[in-house]
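Some notes on the structure that comes next.
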Amino acid sequence: MNNTGKLKLSSSELDLDRPNIEDYLPSGSSVQQERLGKLRLYMCDLLDISPSLFEAAGAIVDDSFTRCFKSNPPEPWNWNVYLLPLWCCGVVIRYLILFPFRVLVLTLGWIIFLSSFIPVNFLLKGNDDMRRKIERCLVEMICSFFVASWTGVVNYHGPRPCMRPRQVFVANHTSMIDFIILEQMTAFAVIMQKHPGWVGLLQSTILESVGCIWFNRSEAKDREIVARKLRNHVQGANNNPLLIFPEGTCVNNHYTVMFKKGAFELGCTVCPVAIKYNKIFVDAFWNSRKQSFTTHLLQLMTSWAVVCDVWYLEPQNLKPGETPIEFAERVRDIISIRAGLKKVPWDGYLKYSRPSPKHREGKQKSFAESVLRRFEEN
Amino acid sequence: MGTTSSLLTQYDIEEVQEHCNHLFSQQEIVSLYQRFCQLDRNAKGFISADEFLSVPEFAMNPLSQRLLKMVDGLNFKDFVAFLSAFSAKASAQQKIELIFKVYDTDRNGKVSFKDMLEVLKDLSGSFMSDDQREVSPTICMLPSIA
Chain A
1 MNNTGKLKLS
11 SSELDLDRPN
21 IEDYLPSGSS
31 VQQERLGKLR
41 LYMCDLLDIS
51 PSLFEAAGAI
61 VDDSFTRCFK
71 SNPPEPWNWN
81 VYLLPLWCCG
91 VVIRYLILFP
101 FRVLVLTLGW
111 IIFLSSFIPV
121 NFLLKGNDDM
131 RRKIERCLVE
141 MICSFFVASW
151 TGVVNYHGPR
161 PCMRPRQVFV
171 ANHTSMIDFI
181 ILEQMTAFAV
191 IMQKHPGWVG
201 LLQSTILESV
211 GCIWFNRSEA
221 KDREIVARKL
231 RNHVQGANNN
241 PLLIFPEGTC
251 VNNHYTVMFK
261 KGAFELGCTV
271 CPVAIKYNKI
281 FVDAFWNSRK
291 QSFTTHLLQL
301 MTSWAVVCDV
311 WYLEPQNLKP
321 GETPIEFAER
331 VRDIISIRAG
341 LKKVPWDGYL
351 KYSRPSPKHR
361 EGKQKSFAES
371 VLRRFEEN
Chain B
1001 MGTTSSLLTQ
1011 YDIEEVQEHC
1021 NHLFSQQEIV
1031 SLYQRFCQLD
1041 RNAKGFISAD
1051 EFLSVPEFAM
1061 NPLSQRLLKM
1071 VDGLNFKDFV
1081 AFLSAFSAKA
1091 SAQQKIELIF
1101 KVYDTDRNGK
1111 VSFKDMLEVL
1121 KDLSGSFMSD
1131 DQREVSPTIC
1141 MLPSIA
């Protein structure tokens, strides 16, 4: 899944707003490459471990994986006599005026939603078609209320998704609000990690009605079950279009991690969707290690606005001779270019688990081969 | 997130710089501090082995366990002192000392043939047999004077 050859950081990938520590650590691997050109085996090839040590030290000092999940706090701008009172006024307006108003709007939305959803759910049990249509509209409506409660300014570009069978939508993932922003426009069915608390309650009641698929990251067997559910969903003509976040985890909207191939081996059209938030107003990255979803929502509701762009891009199909992994990379390329994100060659699940031994084995294999190859020459 | 450089006073920076023999500039120490705070998730003052291993690029390195023994639980000053061996301004003596320490796992001040074989085992894994590893130093060419 991971190309170990591409681990060296290039300076184009690094942030320009910090000094580049890598410039101060000379790359040791250039020495190794010089010697690799020679075919004989010298003692220093065996004893000199400095390339590996340099790589390890480089990883300690900075690595492209941790950078994907770093929420950069905004630079303080309110440091002087007239900016500070301005900022204080801003805080007062946001917390004491905007916030209560937004809570009111949201509560109103929930009241309308629940008072329509619950009766429809019970009364139209027999008439599935009608019920589904109304529930879809209601879900879109409550999502609009959510977006309004953050003063969301969302620019949608491109043709709106339509309900066709055998198509899947994939998008980059920054926070759970991605789903709400997309759901506002079209009622998608989504595949999500089951969350605890009130979010879980929402998932099991309301999202069931638009047709959602649950998975559990920690269960290994889960993958086959989920793959089957995905396939079944996509085949069904009456099901809502399926939205998948192939990164598998929230990333900070500056980078994309590797896409999981599950969405790309379903044998159907893949429609990429790119989402980019404007950080001037609020940083929408949900750092699930640092904040609960409730805290995240409160943070959004006490900022000025959530401004983002959503691009619905051209549907892609598996090209002849292309593997699902190559297809996934190609779609990731399309999304990253459109949203201005940098690609990193890491699997998002490394956030939760250690890398598998086969990555280390790749390095060991190349070292062993370079030594053994020169045995004959000596 | 964590702390910014405002929690690191000028005195602190100079103390750390002194400790690493001025091999890092003050700006570099500030950046290293930001990185240290980023890795040290619960602000304990040191980075645990687990937090080092959460960096996948480090965990994948064949020598990670050896380095981990040297760097686990260091406070910021010692962390910078450890990394100073990797600075371009460090002397060859210092770099060789570090390599020696990596080889000498039992800390007896000597690197034996066994130690060398152990490191070779880490680097080559299951892709070289024990026999091949033992033989490899003996068939090395001597470097030519030219």
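Chain order of the listed sequences is A and B. The working numbering applies: residue 1 is where the first sequence begins, and numbers increase by one. The working numbering applies: residue 1001 is where the second sequence begins, and numbers increase by one. Beta carbons: idealized from backbone N, C-alpha and C, even for Gly.
One thing to note: residue 1032(B) has its Cβ within 9 Å of the Cβ of residue 1080(B). For residue 311(A), there is no enclosing alpha helix (DSSP H); the enclosing beta strand (DSSP E) covers residues 306–312. One Cα belongs to residue 105(A), the other to residue 115(A), and the distance between them is close to 15 Å. Taking a Cβ-Cβ threshold of 9 Å, none of the residues of chain A is close to residue 1094(B); the smallest such distance is about 12 Å. When rounded, the separation of the alpha-carbon atoms in residue 156(A) and residue 312(A) is 8 Å. The alpha carbon of residue 154(A) has as its nearest neighbour, out of 167(A), 178(A), 189(A), 292(A), the alpha carbon of 178(A). Under DSSP, the beta-bridge partners assigned to residue 171(A) are 273(A). Across the set 245(A), 147(A), 226(A), 352(A), the C-alpha of 147(A) shows the shortest separation from the C-alpha of residue 306(A). With a threshold of 16 other beta carbon atoms within 10 Å, residue 231(A) falls short and is exposed.
Of the candidates 52(A), 323(A), 72(A), 72(A) places its Cα closest to the Cα of residue 280(A). Annotation for residue 195(A): 203, 293 place their beta carbon closer than 8 Å to its own, counting only its chain and skipping 5 residues before and after. With contacts defined by Cβ atoms closer than 9 Å, residue 163(A) and residue 241(A) form a contacting pair. For residue 178(A), no Cβ of chain B is located within less than 9 Å of the residue's own Cβ. In the structure shown, residue 165(A) falls within a coil segment according to DSSP collapsed to helix, strand and coil.
Close to chain B, meaning a Cβ-Cβ distance shorter than 9 Å, are the following residues of the region 49–60 of chain A: 49, 50, 52, 53, 54, 55, 56, 57, 58, 59, 60. Contact annotation for residue 346(A) against chain B: 1056 [CB-CB distance below 7 Å, chain order].
In this structure, residue 199(A) sits away from residue 215(A), with a CB-CB distance that is not shorter than 9 Å.
For the pair of segments examined, the region 1067–1086 of chain B was found to touch the region 46–62 of chain A: the number of CB pairs separated by less than 8 Å reaches three. The continuous beta strand (DSSP E) containing residue 152(A) extends over residues 152–157. For residue 251(A), no CB of chain B lies under 9 Å from its own CB, so it is not counted at the interface with that chain. Taken through DSSP and simplified to helix, strand or coil, residue 192(A) comes out as strand. Residue pairing from DSSP leaves residue 293(A) without any beta-bridge partner.
Beta-bridge partners of residue 215(A) (DSSP): 193(A). Boundaries of the beta strand (DSSP E) harbouring residue 345(A): 342–347, taken from the DSSP string. At a Cβ-Cβ threshold of 9 Å, residue 285(A) and residue 1136(B) do not count as neighbours.
Exclusion of the five residues before and after residue 130(A) leaves 124 as the residues of its chain whose Cβ lies within less than 8 Å of its Cβ.
Residue 262(A) holds the alpha-carbon nearest to the alpha-carbon of residue 323(A) among 185(A), 262(A), 337(A), 189(A).
Contact with chain B is absent for residue 186(A), since none of that chain's Cβ atoms lies less than 9 Å from the residue's Cβ.
CA-to-CA, the gap between residue 1048(B) and residue 180(A) works out to about 38 Å. Its chain contains 1085 as the residues whose beta carbon lies nearer than 7 Å to that of residue 1098(B), once the 5 sequence neighbours on both sides are disregarded; these appear in chain order. Closer than 9 Å to the CB of residue 66(A) there is at least one CB belonging to chain B. Looking at the backbone, the Cα of residue 1141(B) and that of residue 290(A) are separated by about 55 Å. By the Cβ neighbour-count rule, residue 272(A) is buried, with 16 or more other Cβ atoms within 10 Å of its own.
Legend: CB atoms of the region 1072–1100 of chain B lying less than 8 Å from CB atoms of chain A belong to residues 1083, 1086, 1087, 1088, 1095, 1098, 1099. Residues of the region 1102–1132 of chain B with a C-beta atom less than 9 Å from some C-beta of chain A are 1102, 1103, 1116, 1119, 1120, 1122, 1123, 1124, 1125, 1126, 1127, 1128, 1132, listed in chain order. Spanning the alpha carbons of residue 1038(B) and residue 371(A) requires a straight line of approximately 38 Å.
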